[in-house]
Amino acid sequence: MAFNSGEFRKVLGSFATGVTIVTTRDKRGVPHGLTANSFSSVSLDPPLVLFCIDKRSNCLPAFQEGEGFAINVLTDIQKDISDRFAFSEERWDGVKTTSLVTGVPVLEDCLANLDCSMHAQFDAGDHIIVVGKVEDILVKEEGDPLLYFRGMYRGVHIE
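Letter 126 of the sequence shown, counting from 1, is numbered 118 in the working numbering, and no numbers are missing.
Structure (structure tokens):
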């Protein structure tokens, strides 16, 4: 390669992404979640989405054994929740949730939520690609997304 992993990471950081919290329940019913910006739509028919999870994540077993997951798209005022699910062991303290079709925790007050059944998982280098079939959705009509660009949270400012 003509570049190193640090340079590659810097280039990838030049692509602005939305910020999500991905949630699931393990076989015992314990909720798990993590902050992710590696989320994408895959297909409209059937409705499929994906996210990528690091193989070193302590949440990986819950997602691998779970029957579903939710993608929770954060608003620009939910940076604290993003940080909590990225860095804190007390991720769920004070977080309001509901559930939809799959029964996994869905975070309240997000810009959008996608409740997904497990469709497929693929090995991809140091990550696992998790594909879900969207079973139900919620969307807020107001609010702006929380963005991540070049290692920092950003907002939308269009004039």
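We put the CB at the ideal spot given by N, CA and C, even for glycine.
- The C-alpha of A(-6) is placed about 32 Å away from the C-alpha of V123.
- Around the beta-carbon of L106, 16 or more other beta-carbon atoms lie within 10 Å, marking it buried.
- T90 is classed as exposed because its beta carbon has fewer than 16 other beta carbons within 10 Å across all chains shown.
- Bounds of any beta strand (DSSP E) do not take in L138, whose DSSP letter is neither H nor E.
- In this structure, A54 sits away from P97, with a CB-CB distance that is not shorter than 9 Å.
- In this structure, D75 is the residue among V131, D75, T94, G147 with its C-alpha nearest to the C-alpha of D85.
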